[in-house]
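>
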Amino acid sequence: MKLDRNFYNRDTLVVAKELLGKILVHKINGKLLSGMIVETEAYLGVNDKAAHAYGGRRTKRVETMYGPPGRAYVYIIYGMYNCLNTITREEGVPQGVLIRGIEPIEGLDYMALNRFNKPLEELTKNQIKNLTNGPGKLCQAMMIDRSLDKEDLCGERLYIEKGIDRNFDIVEAKRIGIDYAEEARDFLYRFYIEGNPNVSKFK
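The UniProt record's numbering puts the first residue of the sequence shown at 1, with every later residue one more than the last.
1. Any idea which residues DSSP pairs S34 with across the strands?
2. Out of A112, N130 and M80, which has the shortest C-alpha to C-alpha gap to L33?
3. For the alpha helix (DSSP H) containing F7, list its first residue and its last residue.
4. Nearest CA to the CA of I87: which residue from A16, G30, R190 and I193?
5. Near T40, what residues of its chain come up, given a Cβ to Cβ distance below 8 Å and the 5 sequence neighbours on each side ignored?
6. With H, G and I counted as helix, E and B as strand and the rest as coil, what does DSSP make of E122?
7. Between which two residues does the alpha helix (DSSP H) containing L138 stretch?
8. By a C-beta neighbour count over all protein chains shown, 10 Å radius and 16 as the cutoff for buried, is D149 buried or exposed?
9. Would you please state the rounded distance, in angstroms, between the beta carbons of C154 and R5? I believe it to be under 8 Å.
10. State buried or exposed for F168, treating a residue as buried only when at least 16 other CB atoms are found within 10 Å of its CB.
11. Go ahead and pull the three-state DSSP assignment for N85.
12. Could you say which of F202, Y8 and L3 lies nearest to P94 if we only look at CA atoms?
13. Look up I193 in the DSSP assignment and say whether it is helix, strand or coil.
14. Look at the alpha carbon of N133 and the alpha carbon of F187, and state the distance between them as a whole number of angstroms.
15. Cβ atoms of Y159 and V25: under 7 Å apart, would you say?
16. Mind the definition here: the region 61 to 71 touches the region 123 to 140 only if three or more C-beta pairs lie below 8 Å; say whether that holds.
17. With DSSP as the reference, label D152 as helix, strand or coil.
18. Tell me, to the nearest whole angstrom, how far the beta carbon of K22 is from that of E161; I am working on the premise that it is less than 8 Å.
19. Could you tell me if G70 is buried or exposed, where buried requires 16 or more neighbouring beta carbons within 10 angstroms of its beta carbon?
20. Provide the residue(s) that pair with Y73 in DSSP beta bridges, ordered along the chain.
Dropping the structure here:
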């Protein structure tokens, strides 16, 4: 069952936690790529010094964040890596959740080719471990790029499914790569499934 817009139009911290265990799906070129979300980070907009929209910043890059809930916000970091976010809250409130890690489910052969230009059976244990355990890695593996910015996550191309109910413990931790964000760098806005090997960083 695909998540509907009401799922995203809620408190961002709640959405970030409840996205864990859900299934990210990308249909492209007749292929189905999917993975279970195992790690997320919440960004709380104008009052969050780590957020792109902090202080009400509204540039062409961040305009998607001000749009309706249930849209994809895809941006590039370090000039080369794509990152996927889901927009939360009502239109005009620029908050969202970064998808940091997934556990691959379908399309692993394509993911291996996308990441390492090798078939899955030729990957080393380390390469398999690093297939989708980071925001840039999972976007490369799942062929998610800037062309999907503003994509409706309630549509048919890129979306998130409810998946199977699973029992797991959620760890709350500091976000990664935001040392510039003063006190916001200490907020426990990163969430991950305890013990899952596809998490980018434990604690």
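Beta carbons: idealized from backbone N, C-alpha and C, even for Gly.
Keep in mind the model is a prediction, meaning the values are calculated, not measured.
Inspection of the coordinates gives the following:
1. According to DSSP, S34 bridges with V25 and E106.
2. Of the listed residues, the one whose Cα sits closest to L33 is A112.
3. Here the alpha helix (DSSP H) through F7 covers R5 to Y8.
4. Taking I87 as reference, the option from A16, G30, R190 and I193 with the minimal CA-CA separation is A16.
5. A16, K17, L19, L20, V97, L98, I99, R100, R190, F191 and Y192, listed in sequence order.
6. When DSSP states are grouped into helix, strand and coil, E122 belongs to the helix group.
7. Residues P135 to A141.
8. Burial call: buried.
9. Cβ atoms of C154 and R5 come within 8 Å of each other, at about 6 Å.
10. Burial call: exposed.
11. In the structure shown, the three-state DSSP call for N85 is strand.
12. Shortest Cα-Cα distance from P94 to any of F202, Y8 and L3 involves Y8.
13. Reduced to three states, the DSSP call for I193 is strand.
14. Their Cα atoms are separated by approximately 21 Å.
15. Result yes, Cβ atoms of V25 and Y159 sit closer than 7 Å.
16. The count of Cβ pairs closer than 8 Å, one atom from the region 61 to 71 and one from the region 123 to 140, stays below three, leaving the stretches out of contact.
17. DSSP places D152 in strand when its eight states are reduced to three.
18. Sure, about 7 Å apart at Cβ, within 8 Å.
19. Here G70 is buried. Its C-beta has 16 or more other C-beta atoms within 10 Å.
20. According to DSSP, which records beta bridges pairwise, Y73 is partnered with N85.
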